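Worksheet: one structure, shown below.
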Amino acid sequence: MNLSDSRTAGPQSGANTFPLARLSAAEAVFNAIRGDIRSGALAVGAKLSSEASLATQYGVSRSVIREALRSCTALGLTVTKTGRGTFVVADHVANDLVLGQFSARDLTEARPHIEVPAAGLAAERRTAEDLETLRGMMASMAAETDPEAWVALDSGFHAAIARASGNKVFESVVADIRDALAHQSETLNMVADRQHASDVEHRLILEAIEAGSAADASAAMAEHLRAVGEALDFILTQ
Numbered sequence: 003m004n005l006s007d008s009r010t011a012g013p014q015s016g017a018n019t020f021p022l023a024r025l026s027a028a029e030a031v032f033n034a035i036r037g038d039i040r041s042g043a044l045a046v047g048a049k050l051s052s053e054a055s056l057a058t059q060y061g062v063s064r065s066v067i068r069e070a071l072r073s074c075t076a077l078g079l080t081v082t083k084t085g086r087g088t089f090v091v092a093d094h095v096a097n098d099l100v101l102g103q104f105s106a107r108d109l110t111e112a113r114p115h116i117e118v119p120a121a122g123l124a125a126e127r128r129t130a131e132d133l134e135t136l137r138g139m140m141a142s143m144a145a146e147t148d149p150e151a152w153v154a155l156d157s158g159f160h161a162a163i164a165r166a167s168g169n170k171v172f173e174s175v176v177a178d179i180r181d182a183l184a185h186q187s188e189t190l191n192m193v194a195d196r197q198h199a200s201d202v203e204h205r206l207i208l209e210a211i212e213a214g215s216a217a218d219a220s221a222a223m224a225e226h227l228r229a230v231g232e233a234l235d236f237i238l239t240q
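So for the sequence shown, the working numbering puts the first residue at 3; every next one is plus one.
Written as structure tokens, this is what we have:
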């Protein structure tokens, strides 16, 4: 099966084919591997082929394979052991997502207590430089077609809001969870198609910060985090 390395694989031809239009290459690989795990074609305990072999099998780059495998791991379906490979550890989604040092539940519980007030303070305290940074990130996210680059911008956007709050505790905490935020966004985008919705929500947050409205900025951030939590619940209850 060749999914193309264009990150937007088109319809395939042949007897055992299926349309892949509108899917990124990583999403198509993720869906294929997840389908094999669900069907039992890849049984619990089975070792996946190497990244290089999977890249050849699906006709994509190794970075695309790594992106798909990170989401399999986040869902609790696989575990990658250094020097040994990636193994199937479950045939269904775990009760929580594994996001590096933190779980999705950890983030869902903590973020509203940190990022909502940080957004409000950012609206009151942001400098011209802060606004320029946030606008640049927002524009880059809106134009970005590479999922891996987008999630880096996404976590950076949230970190920049925390910096703009002028509160060093908020800034430090968001910096500490930045990698987990990126992993979470990557999985949500792949499984729940969240990228466009997040762009819209980010725009509302930025507009409130630009307007200097603490109440609106806090409300926009709260709504964004609510939508993220809802998407997580959807993934975990599939």
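For glycine and all other residues, C-beta sits at the position ideal for the given N, C-alpha and C. Note that the coordinates shown come from a computational prediction; the quantities given were computed from them, not determined experimentally.
- In the DSSP secondary-structure assignment, F89 is bridged to K49, V81.
- Looking at the backbone, the Cα of D235 and that of S167 are separated by about 29 Å.
- The way I'd put it, the stretch 121-129 does touch the stretch 212-225; three or more beta-carbon pairs between them come closer than 8 Å.
- Cβ neighbours of E126 within its own chain (closer than 8 Å, five residues either side excluded): G214, A216.
- By the 16-neighbour rule on beta-carbons within 10 angstroms, E117 is buried.
- DSSP, reduced to helix, strand and coil, places V100 within a strand of the structure shown.
- It is roughly 8 Å from the alpha-carbon of L50 to the alpha-carbon of L56.
- The alpha-carbon separation between A76 and R107 amounts to approximately 12 Å.
- According to DSSP, residue pairing for S105 in a beta bridge involves V100.
- The Cβ atoms of A34 and E69 do not sit closer than 8 Å to each other.
- Assigned with DSSP and collapsed to three states, A120 falls in helix.
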